[in-house]
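Trainee: Before anything else, here's the structure in question.
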Amino acid sequence: QETFVGDQVLEITPRNEEQIKHLVELEAEEHLQLDFWKLPTIPGETAHVRVPFVSIQAVKVFLESQGIAYSTMIEDVQVLLDKENEEMLLNRRRQR
Amino acid sequence: NGNFNFEAYHTLEEISQEMDTLAAQYPGLVSKVNIGQSFEKRPMNVLKFSTGGSQRRAIWIDTGIHSREWITHATGIWTAKKIVNEYGKDHTLTNILNAMDIFMEIVTNPDGFAFTHSMNRLWRKNKSTRPGVFCIGVDLNRNWKSGFGGNGSNNNPCSETYHGPSAQSEPEVAAIVDFITAHGNIKALISIHSYSQMLMYPYGHSLEPVPNQKELYNLAKDAVQALYQVHGIEYIYGSISTTLYMASGITVDWAYDNGIKYSFTFELRDTGRYGFLLPASQIIPTAQETWLALRTIMEHTLNHPY
């Protein structure tokens, strides 16, 4: 089973069309393996992207160098997945 | 047996069992229709809600075309239960079902859904493979024959928005196309996704307004207002290309281009913190509010025959 330990979801707010263009370019960088949950579309609207642990530093450095605002929406994706799994197991036990 | 827990996510087998239970408990109202098989040969089953007659005007609802959007399958099952419980009690729903049928495909991407439970919770596409192609899966919501291959879809098989080798190449899409085309009397199609709190209508592949834009806009507005009344959740609405992004080869564009005027797609609620990993405690509130919006669209479809 694929795990997502240390993967983060960043909430990014591009300020203008140029920053959106930078984000689109970032998405095209296949080696970063970014998974855009919400694509950057309109300036001021948030985009959400899951960033694998190994790419976090590179992505954050890129965003900061371009002056693109971001915050961390999910600190560790696997922690949430574990919680979801626990809830499901608990529910199955209850059902039995 | 009536013990299905609507505050939890469930496996494909559990959902399938619940569909059988509904059909067994309400034989005069619910039946299960098989419309085909997925790439990995899983059955594609649809719940049919009908009070009689054949080939009546009908409404199509699908959930889970993107398999990681678990809240949509859960909302589908809750909605199915709501329909059987409210028929005969809710005047509007009763009128709808006395004149029209409702078809609900709860697991539109069964292979992907099974994969999210076993291997990769965040899988979005189906599981089709092709000789010589390294990456697996096609985005089923880019595979329809309407603007196929255009902006907002990708020809790279490794992309999450890979449109597939040709329009309707995927059995999951072809099965729906064949079913809806053969039926010939589907008057509304609602495709349910998550998560951005939106209700949208065609087009996705073009910025051009559709001929019925005004009516669809007003109906979306009414539906979103009805949804808001339940838990105060605000949705935005408009055409897909102007509200969300350009997306080609999508379900609702195909539906609209094939004569289904009331074609809508939902993006269900987002708490702003969890994305696709919406906590199970949010299932029932999400389903409750979505129901009011669905009911608004279905009622409008009933009252505005075409």
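These protein sequence lines map, in sequence, to chains A and B.
Numbering-wise, this note's numbering puts 63 at position 63 of the first sequence, and it's gapless, one number per residue.
So this note's numbering is basically just the index in the second sequence, starting at one, shifted up by 1000.
Don't be surprised by glycine CBs; every beta carbon is placed ideally from N, CA and C.
In this text, all values refer to a predicted model and were calculated from it rather than measured experimentally.
Of all the CB atoms in chain B, is at least one closer than 9 Å to the CB of A/Asp76?
Mentor: With 9 Å as the cut-off, A/Asp76 does not count as an interface residue toward chain B.
Trainee: Closer than 7 Å by beta-carbon distance: list the chain A residues that pair up with B/Asn1155, in chain order.
Mentor: Per Cβ cutoff of 7 Å: no residues; B/Asn1155 is ~13 Å from chain A at best.
Trainee: Please classify B/His1304 as buried or exposed, where buried requires at least 16 other C-beta atoms within 10 Å of its C-beta.
Mentor: Result: exposed.
Trainee: Out of B/Tyr1203, B/His1183 and B/His1300, which has the shortest C-alpha to C-alpha gap to B/Lys1221?
Mentor: Considering only alpha carbons, the answer is B/His1300.
Trainee: Please report the distance separating the alpha-carbon of A/Glu2 from that of A/Val77.
Mentor: Approximately 12 Å, taken between the alpha carbons.
Trainee: Threshold first: 4 residues or longer. Then list the alpha helix (DSSP H) segments lying entirely within the segment 1151-1183 of chain B, N to C.
Mentor: Whole alpha helix (DSSP H) segments, 4+ residues: 1171-1183.
Trainee: Using the rule of at least 16 other Cβ atoms within 10 Å of the residue's Cβ for burial, across every protein chain shown, is A/Gln8 buried or exposed?
Mentor: The residue is buried, with at least 16 neighbouring Cβ atoms inside 10 Å.
Trainee: Indicate whether the contact test is met: 3 or more Cβ pairs, each with one atom in the segment 1185-1196 of chain B and one in the segment 1061-1077 of chain B, closer than 8 Å.
Mentor: Result yes; three or more Cβ-Cβ pairs closer than 8 Å.
Trainee: When you compare only the Cα positions, how much space is there between B/Asn1034 and B/Asn1045?
Mentor: Roughly 4 Å separates the two Cα atoms.
Trainee: Less than 9 Å separating the beta-carbons of B/Glu1105 and B/Met1200?
Mentor: Against a cut-off of 9 Å, the Cβ pair of B/Met1200 and B/Glu1105 comes out as no contact.
Trainee: If you measure from the beta carbon of A/Thr13 to each beta carbon in chain B, is any gap under 9 Å?
Mentor: Output row for A/Thr13: interface = no.
Trainee: Could you please give the first and the last residue of the uninterrupted beta strand (DSSP E) stretch that includes B/Tyr1237?
Mentor: Its beta strand (DSSP E) spans residues Ile1236 to Ser1239.
Trainee: Which same chain residues end up closer than 7 Å to B/Pro1171 when comparing Cβ atoms and leaving out the 5 residues on each side of it in sequence?
Mentor: Here the set comprises Gly1036, Gln1037, Ser1038 and Phe1039.
Trainee: Does chain B have any CB closer than 9 Å to the CB of A/Leu23?
Mentor: Not an interface residue.
Trainee: Between B/Glu1160 and chain A, is there a C-beta pair that is closer than 9 Å?
Mentor: It does; some Cβ of chain A falls within 9 Å.
Trainee: May I ask you to list the residues that DSSP assigns as paired with B/Ala1058?
Mentor: DSSP, once it has assigned bridges, lists B/Asp1101 and B/Ile1186 as partnering B/Ala1058.
Trainee: List, in order along the chain, the chain A residues whose C-beta lies closer than 9 Å to that of B/Ser1038?
Mentor: Here the premise fails: no neighbours, minimum Cβ distance about 21 Å.
Trainee: Taking DSSP's pairing of strands, which residues face A/Ile12 in a bridge?
Mentor: Note: A/Ile12 sits in a beta bridge opposite A/Ala47 and A/Tyr70.
Trainee: Check distances from the C-beta atoms of the segment 1214-1229 of chain B to those of chain A and list, in chain order, the residues that come in under 7 Å.
Mentor: Listed in sequence order: no entries.
Trainee: Does the Cβ-Cβ distance between A/His48 and B/Gly1152 come in under 9 Å?
Mentor: Taking 9 Å as the Cβ cut-off, A/His48 and B/Gly1152 do not qualify as a contacting pair.
Trainee: Interface residues of chain A around B/Phe1276 at Cβ under 8 Å?
Mentor: The answer, in chain order, is Trp37.
Trainee: Alpha carbons only, please: which of B/Arg1130, B/Phe1179 and B/Arg1057 is nearest the one belonging to B/Asp1101?
Mentor: When only C-alpha atoms are compared, the closest one is B/Arg1057.
Trainee: Would you report the Cα separation of B/Ala1114 and B/Tyr1087, rounded to the nearest angstrom?
Mentor: Distance between the alpha carbons of B/Ala1114 and B/Tyr1087 is about 32 Å.
Trainee: Quick check: the Cα distance between B/Ile1176 and B/Asn1212, rounded to an integer number of angstroms?
Mentor: Taking the straight line from one Cα to the other gives about 24 Å.
Trainee: According to DSSP, is B/Trp1034 part of a helix, a strand, or is it coil?
Mentor: Note that residue 1034 of chain B corresponds to Asn in the displayed sequence, not to Trp. B/Asn1034 falls in the strand class under three-state DSSP.
Trainee: Look up B/Met1246 in the DSSP assignment and say whether it is helix, strand or coil.
Mentor: Residue state, collapsed to three classes: coil.
Trainee: If we count the other Cβ atoms within 10 Å of its Cβ and call it buried at 16 or more, is B/Leu1189 buried or exposed?
Mentor: By the neighbour-count rule (16 or more Cβ atoms within 10 Å), B/Leu1189 is buried.
Trainee: According to DSSP, is B/Asn1045 helix, strand or coil?
Mentor: In the structure shown, B/Asn1045 sits in a strand (DSSP, three-state: E or B).
Trainee: If we cut at 9 Å on Cβ distances, does B/Pro1202 have a partner in chain A?
Mentor: It does not: the Cβ of B/Pro1202 has no partner Cβ on chain A nearer than 9 Å.
Trainee: Which chain B residues sit within Cβ distance under 7 Å of A/Glu98?
Mentor: This structure gives no information on residue 98 of chain A, because the portion of chain A shown stretches from 1 to 96.
Trainee: List, in order along the chain, the chain B residues whose C-beta lies closer than 8 Å to that of A/Thr41?
Mentor: Those within 8 Å of A/Thr41 in chain B are Leu1244 and Tyr1245.
Trainee: Whole angstroms is fine: what's the gap from A/Val59's alpha carbon to A/Val51's?
Mentor: If I take the Cα positions, the gap works out to 8 Å.
Trainee: What residue does the alpha helix (DSSP H) around B/Tyr1228 start on, and which one ends it?
Mentor: Its alpha helix (DSSP H) spans residues Gln1213 to His1231.
Trainee: So, with DSSP's three-state summary, where would you put B/Ile1192?
Mentor: Correct three-state label for B/Ile1192: strand.
Trainee: Should B/Thr1290 and B/Thr1079 be called a contact, given that it needs their Cβ atoms to be closer than 9 Å?
Mentor: Closer than 9 Å, so yes.
Trainee: Give me the Cα-Cα distance between B/Val1133 and B/Lys1125, rounded to the nearest whole angstrom.
Mentor: Rounded to whole angstroms, B/Val1133 to B/Lys1125 spans 15 Å at the Cα level.
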